[in-house]
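Here's the structure, in structure tokens; my notes come after.
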Ligand SMILES: [Zn+2]
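Printed below as a string of structure tokens:
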């Protein structure tokens, strides 16, 4: 669990990222995956994790195929 007492922690490095109230103004990755019938041994479980931006960068560098990056014209 990477959220404790209203604070979001990075699952990889354990550092606090921000409070849940600041989540909309912070830059980090949240993955929430509900594993279904076709998964191996994870049926019916939900896996949730948060990664800070530098851990995201480090993780992505280990990929054989880099994520697709699209330049959005408007920054929110
Ligand atoms: Zn991290």
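Residue numbers (our numbering): 4 to 79. We put the beta carbon where it would ideally sit given N, CA and C, even for glycine.
Review point. Excluding five sequence neighbours on each side, which residues of the same chain lie with their C-beta closer than 7 Å to the C-beta of residue 21?
Key: Reading the chain shown from its first residue, position 18 is the one you call residue 21. Around residue 21: 11 and 29.
**Study point:** 8 Å contact criterion, which residue 13 and residue 53 should meet: CB distance rounded
**Key:** As a working mapping, residue 13 is identified with position 10 in the chain shown. As a working mapping, residue 53 is identified with position 50 in the chain shown. The Cβ separation is near 6 Å, so the contact holds.
Check your understanding: By DSSP, does residue 16 sit in helix, in strand, or in coil?
Key -> Walking along the chain shown from the start, residue 16 turns up at place 13. It is coil, neither helix nor strand.
**Study point:** Through-space distance from residue 33 to residue 57, alpha-carbon basis
**Key:** The residue you call residue 57 lines up with position 54 of the chain shown. The residue you call residue 33 lines up with position 30 of the chain shown. Cα-Cα distance, rounded: 14 Å.
Exercise for review: In the DSSP assignment, find the beta strand (DSSP E) that holds residue 46 and state where it starts and stops.
Suggested key: The count along the chain shown starts at 1 and reaches residue 46 at position 43. Per DSSP, residue 46 belongs to no beta strand (DSSP E) and is neither H nor E.
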